[in-house]
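Under our numbering, think of the first position of the sequence shown as 1057, with each following residue one higher. Contents: one structure, followed by commentary.
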Amino acid sequence: YVMYAPATDGELDAILKKGLAGNPLTGEEIEKYKYAALLFLGRQYAKRGWVMEIHYGALRGVNSRMLRRLGPDTGYDGIATRFCAEGIVRFLNELDRTGELPKTILYPLNANDNDVVNAAAGCFSGAAPGKVQAGAAWWFNDTKAGMIEQMTSFANIGVLGTFAGMLTDSRSFLSYTRHEYFRRILCGLIGTWVENGEYPDDEKTLGQIVEDICFNNTNRFFGFGC
């Protein structure tokens, strides 16, 4: 989850020394150190023109017996329900108020956070279209229903045409097929809106929206220059 736990340099120095000495840290101390790390990284991303991507909401290793038997990342993770809207907006605001908020993509694992993230993203728009935005549905949600729900929330609260689209899983080359699946679902969703009279029946405009979401937006957002 994304926390809001500001700390002074003196506090952070004491926390680091305490941890290096082998002494157990409190939950509050851990959050303060993690938050400081997030702030530092966010500022460095902004300085270098990099995009900050935050995935949150995973509940890891919930079956302790199978975790001991097979180890982590073997299919025994779940979805967390911790609500962190306040932490997200305060974190983004702390970077924004000093002009150090980088382009940011937020990926909530809990689908109940879709509207929360889209609303928060809209509060920090900037020169780049969709400067802060919700990322594609992932993990348990990169299904047809999950993708439709995520894109519908994006379109309801933001501007779907600025969406950076689908991403791959760097650990699985088979995840590249996900892009084809995503594009079909995207076109089907937009086509349904057109048939219902909810989107303009303008093939040129619709084609541009689809092309942007599937390639152009990501190319511009990350500065790939392709």
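Even glycine gets a Cβ: it sits at the ideal position worked out from N, Cα and C. On a predicted model such as this, the values are computed, not experimentally measured, just so you know.
Residue i and residue j: beta carbons closer than 8 Å?
i, j, result
"Pro-1062", "Tyr-1091", "yes"
"Gly-1214", "Asn-1174", "yes"
"Leu-1095", "Glu-1150", "yes"
"Phe-1219", "Gln-1264", "no"
"Tyr-1255", "Ile-1241", "no"
"Ala-1176", "Ile-1144", "yes"
"Ile-1110", "Val-1058", "yes"
"Cys-1270", "Arg-1239", "yes"
"Tyr-1089", "Arg-1146", "no"
"Lys-1074", "Leu-1081", "yes"
"Asp-1268", "Gly-1186", "no"
"Gly-1105", "Gly-1281", "no"
"Ser-1209", "Asn-1272", "no"
"Glu-1156", "Arg-1099", "yes"
"Met-1108", "Thr-1160", "yes"
From which residue to which residue does the alpha helix (DSSP H) around residue i run?
i, result
"Ala-1201", "1200-1213"
"Ile-1161", "Unbroken run through Ile-1161 is the beta strand (DSSP E), 1160-1164; no alpha helix (DSSP H)."
"Met-1122", "1120-1126"
"Cys-1282", "That residue, Cys-1282, is in no alpha helix (DSSP H); it is neither H nor E in DSSP."
"Asp-1069", "1065-1076"
"Val-1107", "No alpha helix (DSSP H) holds Val-1107; DSSP gives it neither H nor E."
"Leu-1262", "1259-1267"
"Leu-1223", "Run containing Leu-1223: none; DSSP gives neither H nor E here."
"Phe-1238", "1234-1251"
"Asp-1171", "1170-1178"
"Asn-1275", "1273-1277"
Taking residue i as the reference, which of the options has the closest Cα?
i, options, result
"Ser-1181", "Ala-1192, Met-1207, Pro-1164 and Asp-1152", "Asp-1152"
"Ala-1114", "Trp-1195, Arg-1099 and Leu-1081", "Trp-1195"
"Gly-1083", "Tyr-1255, Ala-1077, Ile-1071 and Ala-1093", "Ile-1071"
"Thr-1064", "Gly-1078, Tyr-1057, Ala-1077 and Glu-1085", "Glu-1085"
"Leu-1162", "Gly-1178, Phe-1229 and Tyr-1237", "Gly-1178"
"Tyr-1132", "Asn-1119, Phe-1139 and Lys-1073", "Asn-1119"
"Tyr-1237", "Gly-1098, Lys-1159, Ala-1192 and Arg-1125", "Ala-1192"
"Leu-1097", "Glu-1087, Arg-1124, Tyr-1112 and Pro-1158", "Pro-1158"
"Gly-1221", "Ala-1077, Arg-1276, Gly-1066 and Pro-1080", "Arg-1276"
"Arg-1116", "Thr-1130, Gly-1217 and Tyr-1232", "Thr-1130"
"Leu-1262", "Phe-1280, Cys-1243, Cys-1140 and Phe-1229", "Cys-1243"
"Ser-1231", "Leu-1148, Asp-1198 and Glu-1259", "Asp-1198"
"Arg-1138", "Asp-1225, Arg-1125 and Asn-1168", "Asn-1168"
"Tyr-1112", "Pro-1164, Val-1266 and Leu-1223", "Pro-1164"
So what does residue i bridge to, in DSSP terms?
i, result
"Ala-1190", "Leu-1162"
"Ala-1114", "Ile-1135"
"Glu-1150", "Glu-1150 pairs with nothing; no bridge assigned."
Return yes when at least one heavy atom of the ligand MN lies under 7 Å from the C-beta of residue i, else no.
i, result
"Tyr-1255", "You won't find the ligand MN in this model; it holds no ligand whatsoever."
- At least three beta-carbon pairs within less than 8 Å, the stretch 1195-1206 to the stretch 1249-1261: no
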